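First residue of the sequence shown? That's 202 in my numbering, and the numbers climb one at a time after it.
From the three backbone atoms N, C-alpha and C, an ideal C-beta is built for every residue, glycine too.
If you're wondering where the values come from, they're calculated on a predicted model, not measured in any experiment.
Down below is the structure, laid out as structure tokens.
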Amino acid sequence: MSFSKDFLWGAASAAAQVEGAWNEDGKCPSIWDAAGDHIQGGQDCHRACDHYHRYKEDVALMKELGLKSYRFSVSWPRIMPEKGVVNQKGIEFYQNLISELEKAGIEPLVTLYHWDLPLWAHEEGGWPAPGIIGFYLDYVKVVVDALSDRVQYWMTFNEPSVFIMLSYALGSFAPFISDPQACMKALRHMLLSHGKAVKLIRETAKKTPKIGLAMAATTYIPRSEDAAGLADAAEKSFLSQVGDHWKI
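This is the structure:
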């Protein structure tokens, strides 16, 4: 297998999993910060690996590894700690991170949502409530205004089918709800949010954007190695992971 010269070799992270600084510089709690007894051993992500304070060291390690790209998520609770309130210190963190990436010759790829819903948005109904669409678009507009002069690649959601199913159907991810009806509503509102966010980014980004979703993928082994068998396996794997979600 060969790769084109402009193929972006890189790594990815999620704000809640790496940043720490969960209550610093104006950030509000996310649904994961409020997870409490749901996490085995009472563990939390309040400190994580302290990327918020050590991002320069982390970018230096990325450069040493030879990475050409870094996909990171922006923390919605850090950008908008209250409904309608923008936290400038949160914006500055990501601007500084991008500056460090640029100096290291590493392409920034921004994920707008990697599951760390602000607690206030959850208390307003979260993804099952239609109001979430407006809250999300307000947040997206702030981030795009602040970062799109230096960011070309945007992901509206990380693994959308995963967080919807685990958060609202199986109840194993924050906010730990197991309600099929709430799950279907959340899925619908996420899809509408994605479509509206794509339109917003295309219309307002300062740098010509490339926009998508960061999808979850599973390896499938076809029963037959002939062309028809491979095509059938590819179609079934696509439908099992993606296709049904887009029919809602």
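Assumed close pair residue i, residue j - CB separation to whole angstroms, cut-off 8 Å
| i | j | result |
| --- | --- | --- |
| P410 | Y369 | Actually they are not in contact, since the Cβ atoms of P410 and Y369 sit about 29 Å apart, beyond 8 Å. |
| K290 | G335 | Not really, about 24 Å apart at Cβ, beyond 8 Å. |
| P361 | L414 | 6 Å |
Close beta carbons around residue i, own chain, < 8 Å, minus the five adjacent residues each side
| i | result |
| --- | --- |
| L401 | L338, V341, K342, V345 |
| N288 | D226, G227, K228, R279, I280, M281, P282 |
| H239 | A375, F377 |
Paired residues, beta bridge with residue i - DSSP
| i | result |
| --- | --- |
| R279 | DSSP, once it has assigned bridges, lists no residue as partnering R279. |
| F527 | No answer is possible for residue 527: it lies beyond the span of the chain, which begins at 202 and ends at 449. |
| K411 | Y354 |
| S231 | P319 |
| A212 | Y271 |
| N359 | A415 |
| V286 | E283 |
Neighbourhood of residue i by C-beta distance below 6 Å, restricted to the same chain and skipping five residues each side
| i | result |
| --- | --- |
| I449 | Its pLDDT being 48, under 50, I449 is placed unreliably by the model, and the measurement read from it follows with that caveat. So the qualifying residues of the chain are L388, R389. |
| D175 | Summary: the structure shown does not reach residue 175, with the chain confined to residues 202 through 449, and so no result is reported for it. |
| A235 | L320 |
Assigned exposure category for residue i - 16 Cβ within 10 Å defines buried
| i | result |
| --- | --- |
| L320 | buried |
| M356 | buried |
| M202 | exposed |
| N297 | exposed |
| H247 | exposed |
| V311 | buried |
| I450 | With the chain running from 202 to 449 in the structure shown, residue 450 is simply not present. |
| F439 | exposed |
Reference residue i, options the options, closest by Cα
| i | options | result |
| --- | --- | --- |
| S349 | H239, V275, I232 | V275 |
| R279 | T405, Y295, A213 | Y295 |
| P265 | F374, G306, A249 | One point to set straight first is that residue 265 is Glu, not Pro, in the sequence displayed. E265 has its Cα closest to that of G306, out of F374, G306, A249. |
| W277 | W223, P361, L392 | W223 |
| D207 | I240, C229, L268 | L268 |
| R351 | S270, K407, A261, G243 | K407 |
| H323 | I299, A383, E360 | A383 |
| S441 | A418, E426, A428, G430 | A418 |
| E325 | A347, K284, Q353 | K284 |
Other residues of its chain near residue i: CB distance less than 7 Å, five sequence neighbours each side excluded
| i | result |
| --- | --- |
| K397 | I334, L338 |
| Q241 | none |
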